[in-house]
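Residue numbers (UniProt numbering), protein chains in the order written: chain V, 1 to 306; chain A, 1 to 337.
Yeah, the Cβ is synthetic: ideal placement off N, Cα and C, and Gly gets one too.
Notes follow once the structure below has been shown.
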């Protein structure tokens with residue numbers, strides 16, 4: 001187990017290296033001239049060239065990449081072209097809001113999704129099932145930006161119960177977390193339902209019943225534990241998407257997080273910030289996958305780590 | 001003879017599907033006494049497994065339901081009691097082992113936990129006592145190193161070991177009745193013999209009644225005191241094991257026995273009963289066996305015979321053994337091919 005974790009962590013290095021190449025290439029392929037943006041609209045052509053030289057953007061792209069990597073290995077992510085502050089600082093300040101928004105969205109989505117899934121699976125083809133699956137399909141189909149805007153309209157503008165955006169009190173979390181989690185809750189509900197329905201047909205469920213266990217114990221104890229195995233994988237992936245996918249929601253709710261930072265830095269062609277953010281998203285995915293794999297082993301004893 | 005522990009009276013279990021109502025079990029009666037082993041024999045589709053699931057009231061995830069009849073356990077009708085009361089009987093008074101040891105244990109829980117579950121539930125033991133009882137049960141089913149096995153997962157055990165665990169689990173609360181649905185079918189022949197030995201020895205000491213469901217007449221000969229032969233959802237013959245083997249009355253039983261190859265007998269082809277078990281939704285009108293019966297008469301096609309005790313302790317459902325309102329000579333003459 002310990003060796004497995006070490007091995008997986010070591011594997012991260014080459015993956016990140018490859019990812020960095022791709023990111024660097026793609027970022028530099030975005031049309032637009034950051035030197036022009038930094039220098040300002042009124043700057044002369046000579047000024048722009050001066051800025052370009054200062055930023056090192058006049059050098060061949062391979063050389064730029066090596067400079068970037070040299071700094072990256074030393075832990076230096078560079079400076080933001082826009083603010084001039086260290087990228088690590090920029091991102092550091094934005095990471096926690098996104099992290100907590102994701103965690104809260106995930107928390108309610110998984111709990112509600114599981115509940116709906118289990119109820120739907122056990123009350124198959126009854127009104128509870130139809131109701132739950134109607135909700136799940138709606139949750140999947142509603143575009144999140146639209147849902148977010150509607151919720152702002154109703155709860156913030158009309159009723160005035162909750163703030164329209166920003167991150168001040170716990171109240172600020174409610175609308176964005178709800179919006180962000182809706183899709184996940186829907187996916188978890190549908191996955192749990194189908195997975196649990198399959199599991200409930202298994203022989204060991206009948207064995208559980210033949211022991212005299214209550215239906216509740218059979219479903220939640222024997223059934224759900226087995227049904228969780230595929231659900232966990234899918235939820236892990238969703239978690240990754242949420243961390244990155246909050247881009248739209250953060251814009252709608254003016255959330256001071258990574259997603260909004262990414263939008264701003266792309267608009268400004270802030271190369272170092274974009275690169276660093278992409279790298280962080282990649283890292284998040286890798287870490288979440290590792291956690292999912294480890295959870296897998298806990299849930300399914302037939303998996304042994306080599 | 002002892003008062004029967006379990007008595008099934010005219011059990012009828014119907015399945016409702018889009019195609020209509022299918023009578024999977026239609027009028028099965030038998031009883032089993034303390035310490036007795038009753039075999040239920042029949043081909044696949046004869047309704048023997050549905051009978052056992054009906055007794056346990058485990059038809060929940062099937063479209064089946066008990067339409068009529070009584071299942072008397074120590075005088076209580078299990079058909080009528082509440083689900084709550086039934087749960088107290090399952091695994092406690094009546095336990096069951098299944099055909100598939102490979103899939104009948106939950107893959108994600110340790111053996112110990114799966115054993116202790118029923119012990120804690122029914123015997124109200126503490127966790128520690130339940131663990132001791134589990135180890136004791138595992139020892140009694142011939143598992144060595146039981147204190148190690150309780151910490152293992154099902155996939156770490158072989159099929160034979162798992163069936164032993166299932167037996168230990170079923171016997172843990174000292175049930176009065178053990179229902180074994182094809183307990184050895186999925187196992188190797190050598191393991192089969194061990195498991196049968198084990199069941200016989202275990203139940204001898206505890207005086208448990210066994211309901212052994214099987215299609216294997218060899219298993220019946222080895223294990224059973226009495227036998228019920230089922231065909232098309234009905235009991236067609238019942239007697240003690242010696243009479244069934246020595247003097248089968250129903251043509252179906254005769255056919256089954258004839259299809260066992262005998263040592264020292266040379267045949268080019270194995271004997272078999274022509275035709276197939278009828279599809280439950282397309283049951284023949286009269287006797288369900290008539291289409292395959294070498295002795296079928298006109299009346300067999302029209303009216304179903306009653307299940308009657310023709311000699312003491314030997315019941316059969318067949319017109320050949322009924323008072324037919326016809327001349328005896330005519331009976332023989334109308335044999336159909």
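- Taking CB atoms only, residue 123(A) has no neighbour in chain V less than 8 Å away.
- With the criterion set as a beta carbon lying under 8 Å from some beta carbon of chain A, the stretch 71–92 of chain V has no members that meet it.
- Beta-carbon to beta-carbon, residue 178(A) and residue 203(A) are separated by about 6 Å, close enough to satisfy the 8 Å threshold.
- In the DSSP assignment, residue 275(V) falls within the alpha helix (DSSP H) that extends over 271–299.
- When Cβ-Cβ separations below 8 Å define contact, residue 10(A) makes no contact with chain V.
- One finds 202, 203 and 204 in chain V with Cβ atoms closer than 7 Å to the Cβ of residue 103(A), taken in chain order.
- Residue 215(A) is positioned such that its CB atom lies closer than 8 Å to that of residue 44(A).
- Straight-line spacing of the CA atoms in residue 212(A) and residue 123(V) works out to 34 Å.
- Under a criterion of Cβ atoms nearer than 7 Å, the residues of chain A adjacent to residue 214(V) are, in order, 87.
- With a threshold of 16 other beta carbon atoms within 10 Å, residue 246(V) meets it and is buried.
- Among the residues facing chain A, residue 14(V) is not included, as its CB has no counterpart in that chain under 8 Å away.
- Using a Cβ-Cβ cut-off of 7 Å, residue 265(A) is close to nothing in chain V; its nearest Cβ partner there is about 39 Å away.
- For the pair of segments examined, the stretch 170–187 of chain V was found not to touch the stretch 196–214 of chain V: the number of CB pairs separated by less than 8 Å stays below three.
- In the DSSP annotation of this structure, the continuous segment of the alpha helix (DSSP H) that includes residue 188(V) starts and ends at 171–199.
- With contacts defined as CB atoms closer than 8 Å, residue 299(V) and residue 228(V) qualify as a contacting pair.
- When DSSP assignments are scanned along the stretch 91–158 of chain A, the uninterrupted stretches of beta strand (DSSP E) that are 3 or more residues long and fall wholly within it turn out to be 94–97.
- Per DSSP, reduced to three states, the secondary structure at residue 209(A) is strand.
- Minimum Cα-Cα distance from residue 97(A) among the listed residues 168(A), 15(A) and 128(A) corresponds to 168(A).
- Contact check between the stretch 264–277 of chain A and the stretch 297–311 of chain A: fewer than three CB pairs, one atom from each, fall below 8 Å, which does not count as touching.
- Neighbours of residue 192(V) across chain A, judged by C-beta separation under 7 Å, do not exist; the nearest C-beta is about 16 Å away.
- For the C-beta of residue 108(A), the chain V residues within less than 7 Å are, from N- to C-terminus, 225, 226, 299, 300 and 301.
- Sequence-ordered contacts of the stretch 31–65 of chain A with chain V read 56, 58, 60 and 61 [C-beta pairs closer than 8 Å].
- Between residue 268(V) and residue 55(V), the C-beta gap is not smaller than 8 Å, which leaves the two residues out of contact.
- Residues of the stretch 149–165 of chain A that bring their beta carbon within less than 7 Å of a beta carbon in chain V comprise 153 and 155, in sequence order.
- Interface with chain V (8 Å Cβ-Cβ cutoff): residue 230(A) is excluded.
- For residue 27(V), the closest of 285(V), 276(V), 302(V) and 37(V) by C-alpha to C-alpha distance is 276(V).
- Taking a beta-carbon distance threshold of 8 Å, residue 182(A) does not count as an interface residue toward chain V.
- Residue-level contact by beta carbon holds for residue 100(A) and chain V, with a gap shorter than 8 Å.
- Residue 296(A) carries a coil assignment under DSSP once its states are collapsed to helix, strand and coil.
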